[in-house]
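>
In the working numbering, the protein residues as written are 1064 to 1296.
In C-alpha cells form, the structure reads like this:
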C-alpha cells in the first residue's frame, strides 16, 4: 500500500533522513521506533506533504504522491494524527469532528461518520458540546483519532499517540488501533513506548540518526537484545 523509496530529507544544510526505504502492506500495523531526534516525525511529515524530500519517492496505492499536497492526500485516504494531538481547543468536540470532514463533499456522510465516532468513543458523545481544551489528555487523543477517522482513511498515520498519557489509557489506545486494523484500516505508527507498540505490530523498523538500522516482525524487533537495551530498558 505504501512504499517509501530512498528518501532523503534536509533541513537547510543538515540532512535529517538518509536514503530511507520501507513499506507498509495493506492490513498491517507497522511501527517505526527510535530515540528522540532520530527523524521519525520527519518521515511522517514528509509522507503527508508537510515536509518536502530532496530525493526519493513515496508511492501510495500505486500512485506517486511525493509532491502531492496534504489536502490531496486526505482525499486519497491518507490521514495523520499528529504529535501532541493538535485539536482545536476553542472549538467543541462536535466542531472538531466536523472539521475532520472538510475534504468530504457528502455532508450527510460526514454527519453519519460523526455519529459512528460517538459510538466508537462514547465519552466524546458525552462531551460533544465541551470545548476541546477542557478534555483530559486521553480524551483529546481520542478526539484526534476520531477526527482523522471521519473520512474513513485507507492509511492512518499516528505520531506518538501515547505522549503524556497514563499507561492504562495508552493500552486502550493500542487496543483501539488493533480493532481499527481488523476493520480494514492500515496503520503506520511512530511510538516511544516501543514495547507496547511492538506487541501490536506486524512489522517494525528501527531508525537511528535518520537511517534504518533494523527491520523485522514486531516480535523479532521486540526480542532483539540490542533493541531491548537501547529502547525497551
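Glycine included, each C-beta is placed from N, C-alpha and C at the ideal position.
Once you ignore the five residues that flank residue 1272 on each side, which residues in its own chain have a CB closer than 7 Å to its CB?
Closer than 7 Å at the Cβ level, and outside the excluded window around residue 1272, lie 1101.
> Going straight from the alpha carbon of residue 1110 to that of residue 1121, what length do you get?
Their Cα atoms are separated by approximately 7 Å.
> Does DSSP put residue 1197 in a helix, a strand or coil?
Three-state result, residue 1197: helix.
> Which runs of the alpha helix (DSSP H) spanning at least 4 residues fall entirely within the stretch 1097 to 1180, listed in chain order?
With a minimum length of 4 residues, the continuous alpha helix (DSSP H) runs that stay inside the stretch 1097 to 1180 are 1103 to 1110, 1133 to 1139, 1156 to 1163.
> Going by CA-CA distance only, name the one from 1230, 1148, 1089 that's closest to residue 1004.
As displayed, the chain neither begins before 1064 nor continues past 1296, which places residue 1004 out of reach and without an answer.
> Is residue 1211 helix, strand or coil when you go by DSSP?
It is helical.
> Hey, quick one: how far does the alpha helix (DSSP H) through residue 1187 stretch, first residue to last?
Start and end: 1185 to 1189.
> Could you give the residue range of the alpha helix (DSSP H) that holds residue 1334?
For the chain, the structure presents residues 1064 to 1296; residue 1334 sits outside this window and is missing.
> Any chance the stretch 1277 to 1292 sits against the stretch 1116 to 1135, with 3 or more Cβ pairs inside 8 Å?
The answer is no - the stretch 1116 to 1135 does not touch the stretch 1277 to 1292, with fewer than three Cβ pairs under 8 Å.
> Out of 1217, 1172, 1159, point me to the one whose CA is closest to residue 1190's CA.
For the residues 1217, 1172, 1159, the minimum Cα distance to residue 1190 belongs to 1159.
> DSSP on residue 1288, reduced to helix/strand/coil?
It is helical.
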